[in-house]
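Numbering (this note's numbering), first residue to last: 87 to 594.
Here's the structure, in structure tokens; my notes come after.
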């Protein structure tokens with residue numbers, strides 16, 4: 087892996103490798119419930135780029151919950167890069183032996199002098215024509231490879247720079263490709279522990295494996311960080327959750343009674359792999375706190391008014407409990423019968439809760455459980471659920487994009503950025519077509535949206551910049567795999583087509 091990182095951060099960056107393998111849970115062959123690559127450059131600035139990847143870095147969060155209006159701010163723009171000269175923008179001051187107070191995250195003691203890198207020094211930190219790369223702390227040509235740069239955004243008493251965004255209540259939180267944030271004493275912050283090459287820890291099952299028994303009557307798919315593939319069916323009769331491991335082991339669980347299934351979502355990392363061992367230098371910042379619950383699986387139960395589903399409660403959100411042999415898919419969010427007319431154009435596929443997503447805080451989010459447009463949550467630790475926001479149209483898809491933000495798609499194709507802390511939403515962009523699915527890429531921070539028009543577009547969720555990506559062969563959903571592929575899966579109830587994948591960028 088290539089990192090352009092100053093010496094004090096090099097040890098930390100080299101440890102950004104997580105373990106790959108099984109999540110350690112018990113396995114059963116079947117459990118039945120009781121009836122019931124081009125190198126590119128990423129920069130941030132006020133003007134989005136015109137080539138390469140869309141912006142993904144610094145963002146803002148509004149304090150006004152207006153579901154039909156909002157603001158956007160500039161994020162890192164990824165553009166095709168060429169190597170240029172690197173000129174460090176550093177200031178130094180001679181101090182007492184040992185450099186004295188040289189303890190800011192953008193400072194290091196070199197030969198008795200406290201040297202300050204360009205991070206956190208504002209727009210004039212670099213010579214004209216260059217930008218401050220927060221990964222290396224040096225001034226680069228904007229188009230250089232492995233460059234993350236941009237403007238700062240006000241966040242109460244702080245300023246959130248590239249690789250971070252405001253959480254809406256006065257703190258800067260990391261955004262891909264960074265997994266932590268550093269701040270100076272005077273409140274200038276930026277993303278740290280960043281990577282400019284995609285870390286591939288494992289390979290998901292092959293296309294041949296995925297197109298075998300695993301995908302029979304498939305309706306939705308997702309991948310865990312350990313490369314296990316998960317799916318739900320949409321079929322007449324009992325529906326199933328299946329897991330396919332990279333070694334080909336297939337496990338199946340039966341759902342509650344005769345309820346249809348809609349989406350399956352796995353709690354995954356939002357950024358590059360977290361540190362898994364202590365840093366060797368005591369003075370370095372502590373690694374991010376590991377996220378609890380990674381690998382947990384949730385699904386939606388759906389049923390249209392005339393679909394003949396028989397259960398009490400009639401539908402909702404379930405969390406997989408592999409240890410519960412009698413009822414492995416119990417409902418944790420009870421839903422009322424709701425109905426939409428998109429994005430699939432089928433009463434069965436467009437019914438019930440949609441937009442299932444895990445927050446990094448191990449809270450489940452989903453739309454339309456109580457009525458169309460209401461966004462519901464279920465805090466598994468607190469054992470509570472409720473309505474956290476009401477949109478002006480039915481929710482069709484959502485995906486986490488930061489430790490506090492989720493991107494939410496509404497009927498018709500409008501996207502909003504919802505803040506789970508402030509419980510407010512900002513308009514992002516109108517895609518002009520119903521959204522079947524949203525898939526977040528933990529390397530770039532982009533979100534891939536599958537549309538009813540069969541287009542797949544790439545969205546920068548903090549700026550609203552949109553680029554065409556691919557075209558689906560039929561109506562279906564998309565999901566990002568840990569190896570750097572975007573997988574298309576059909577809803578075979580509507581389109582009996584094979585699964586296929588497209589490669590995602592491996593570096594910037």
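We put the beta carbon where it would ideally sit given N, CA and C, even for glycine.
Model, not experiment: these values are computed from the prediction.
**Study point:** Distance, residue 192 Cα to residue 522 Cα
**Key:** Walking along the chain shown from the start, residue 522 turns up at place 436. Walking along the chain shown from the start, residue 192 turns up at place 106. Rounded to the nearest angstrom, the two C-alpha atoms are 43 Å apart.
**Study point:** residue 200 beta carbon less than 9 Å from that of residue 212
**Key:** In the chain shown, counting from the first residue as 1, residue 212 sits at position 126. In the chain shown, counting from the first residue as 1, residue 200 sits at position 114. Taking C-beta atoms as the reference points, residue 212 and residue 200 fail to come closer than 9 Å.
Practice item. Examine the Cβ distances between the segment 577-587 and the segment 295-315 and report whether three or more of them are shorter than 8 Å. Key: The segment 577-587 is in contact with the segment 295-315.
Check your understanding: For residue 471, which three-state DSSP category applies?
Key -> Here residue 471 refers to the residue found at position 385 of the chain shown. Residue 471 carries a strand assignment under DSSP once its states are collapsed to helix, strand and coil.
Practice item. Compare the beta carbon distance of residue 313 and residue 288 with 9 Å and say whether it is the shorter of the two. Key: Working through the chain shown from its first residue, we reach residue 313 at position 227. Working through the chain shown from its first residue, we reach residue 288 at position 202. The answer is yes: Cβ separation under 9 Å.
Exercise for review: Classify residue 250 as helix, strand or coil using the three-state DSSP reduction.
Suggested key: Mapped onto the chain shown, residue 250 falls at position 164. Looking at residue 250 - three-state DSSP - the assignment turns out to be strand.
Check your understanding: So, helix, strand or coil for residue 180, using DSSP?
Key -> The count along the chain shown starts at 1 and reaches residue 180 at position 94. With a pLDDT of 45 at residue 180, under the threshold of 50, the modelled position of this residue cannot be trusted; read the value that follows with caution. Looking at residue 180 - three-state DSSP - the assignment turns out to be strand.
Practice item. Since I believe residue 449 is in contact with residue 465 (beta carbons under 8 Å), could you give me their beta-carbon distance rounded to a whole number of angstroms? Key: Here residue 465 corresponds to residue number 379 of the chain shown, with the count starting at 1. Here residue 449 corresponds to residue number 363 of the chain shown, with the count starting at 1. Their Cβ separation, rounded to whole angstroms, is 5 Å, which keeps residue 465 and residue 449 in contact under 8 Å.
Check your understanding: By the 10 Å Cβ neighbour count, where 16 or more other Cβ atoms means buried, how is residue 322 classified, buried or exposed?
Key -> As a first step, residue 322 is located in the chain shown; it is residue number 236 there, counting from the start. Burial call: exposed.
Exercise for review: Decide yes or no for the touch test of the segment 531-543 against the segment 269-279: beta carbon pairs closer than 8 Å, at least 3 of them.
Suggested key: Three or more Cβ pairs closer than 8 Å define a contact, and the segment 531-543 falls short of that threshold against the segment 269-279.
Exercise for review: Report all residues from its chain with a CB closer than 8 Å to the CB of residue 529; omit the five preceding and five following residues, and keep chain order.
Suggested key: To locate residue 529, count along the chain shown from 1; it is residue 443. Answer for residue 529: 262, 263, 281, 284, 285, 358, 570, 590, 591, listed in chain order.
Check your understanding: Touch check for the segment 435-454 and the segment 471-482: three-plus C-beta pairs under 8 Å?
Key -> Inter-segment contact for the segment 435-454 and the segment 471-482 is present: three or more beta-carbon pairs are separated by less than 8 Å.
Review point. Taking residue 516 as the reference, which of 223, 535, 234, 318 has the closest Cα?
Key: As a first step, residue 516 is located in the chain shown; it is residue number 430 there, counting from the start. Ranking the options by Cα distance to residue 516, first place goes to 535.
Point to revise | Counterpart residues of residue 527 in DSSP-defined beta bridges | key: If you number the chain shown from 1, residue 527 lands on position 441. Partner(s): none; residue 527 has no beta bridge.
Point to revise | Same chain only: Cβ atoms within 6 Å of residue 562, ignoring 5 sequence neighbours per side | key: Translated into positions along the chain shown, residue 562 becomes position 476. Counting only Cβ-Cβ distances below 6 Å, and skipping sequence neighbours, we find 574, 575, 576, 577.
**Study point:** Minimum length 3: unbroken beta strand (DSSP E) runs contained in the segment 266-339
**Key:** Listed in chain order, they are 274-280, 304-309, 315-319, 326-330.
Review point. What does residue 513 pair with, by DSSP beta-bridge criteria?
Key: For the purposes of this step, residue 513 is taken as the residue at position 427 of the chain shown. Note: residue 513 sits in a beta bridge opposite 502.
Review point. Unbroken beta strand (DSSP E) runs of length 3 or more, entirely within the segment 390-453: which are they?
Key: For the segment 390-453, the continuous beta strand (DSSP E) assignments of 3+ residues that do not extend past its boundaries occur at 401-405, 417-421, 440-444, 449-453, in sequence order.
Review point. Could you give the distance in angstroms between the alpha-carbon of residue 582 and the alpha-carbon of residue 305?
Key: Within the chain shown, the letter at position 496 stands for residue 582. Within the chain shown, the letter at position 219 stands for residue 305. Straight-line Cα distance between these residues: approximately 10 Å.
**Study point:** DSSP beta-bridge partners of residue 480
**Key:** Counting from 1 along the chain shown, the entry for residue 480 is found at position 394. In DSSP, residue 480 forms no bridge with anything.
Review point. Rounded to the nearest angstrom, how far is the Cβ of residue 332 from that of residue 290, given a contact under 8 Å?
Key: Numbered from 1 along the chain shown, position 246 holds the residue referred to as residue 332. Numbered from 1 along the chain shown, position 204 holds the residue referred to as residue 290. About 6 Å; that satisfies the 8 Å criterion.
Review point. Would residue 347 be called buried (16 or more neighbouring beta carbons within 10 Å of its own) or exposed?
Key: Numbered from 1 along the chain shown, position 261 holds the residue referred to as residue 347. When all chains shown are included, residue 347 counts as buried.
**Study point:** Expected contact under 8 Å - CB spacing of residue 612 and residue 461 to nearest Å
**Key:** Lying outside 87 to 594, the shown extent of the chain, residue 612 is not represented and no answer is given.
Point to revise | Residues that residue 347 bridges to, as DSSP identifies them | key: Residue mapping note: residue 347 aligns to position 261 of the chain shown, counting from 1. According to DSSP, which records beta bridges pairwise, residue 347 is partnered with 387.
Check your understanding: At a Cβ threshold of 9 Å, is residue 562 touching chain E?
Key -> The structure shown contains no chain E; it holds only a single protein chain.
**Study point:** Coarse secondary structure for residue 241, derived from DSSP in three states
**Key:** If you number the chain shown from 1, residue 241 lands on position 155. If DSSP states are grouped into helix, strand and coil, residue 241 belongs with the strands.
Review point. Hey, out of 226, 206, 474, whose CA is closest to residue 214's CA?
Key: For the purposes of this step, residue 214 is taken as the residue at position 128 of the chain shown. When each option's Cα is compared against that of residue 214, the closest is 226.
Practice item. Have a look at residue 408 and residue 444 and give me their C-alpha separation to the nearest angstrom. Key: As a position in the chain shown, residue 408 is number 322, starting the count at 1. As a position in the chain shown, residue 444 is number 358, starting the count at 1. Cα-Cα distance, rounded: 18 Å.
**Study point:** Secondary structure of residue 587, DSSP reduced to three states
**Key:** Position 501 of the chain shown, counted from the start, is the residue given in the question as residue 587. It is a strand residue.
Check your understanding: Going by other Cβ atoms of all chains shown within 10 Å of its Cβ, with 16 needed for buried, is residue 435 buried or exposed?
Key -> Counting from one through the chain shown, the residue named residue 435 turns up at place 349. Per the 10 Å Cβ criterion, buried.
Practice item. Find the nearest neighbour of residue 441 within the set 433, 497, 410, 266, judged by alpha-carbon distance. Key: For the purposes of this step, residue 441 is taken as residue 355 along the chain shown, with counting starting at 1. The shortest C-alpha to C-alpha distance from residue 441 to any of 433, 497, 410, 266 is the one to 497.
Review point. Going by the beta-carbon positions, is the gap between residue 526 and residue 356 smaller than 9 Å?
Key: Position 440 of the chain shown, counted from the first residue, corresponds to residue 526. Position 270 of the chain shown, counted from the first residue, corresponds to residue 356. In this structure, residue 356 lies closer than 9 Å to residue 526 by Cβ.
Exercise for review: With DSSP as the reference, label residue 355 as helix, strand or coil.
Suggested key: Mapped onto the chain shown, residue 355 falls at position 269. Secondary structure of residue 355 (DSSP, three-state): coil.
Review point. Nearest to residue 495 by CA position, among 471, 531, 538, 330, is which residue?
Key: Within the chain shown, residue 495 is the residue found at index 409, counting from 1. For the residues 471, 531, 538, 330, the minimum Cα distance to residue 495 belongs to 538.
Point to revise | C-alpha distance - residue 250 paired with residue 411, whole-angstrom precision | key: Taking the chain shown and counting its residues from 1, one reaches residue 250 at position 164. Taking the chain shown and counting its residues from 1, one reaches residue 411 at position 325. Spanning the two alpha carbons is a distance of roughly 43 Å.
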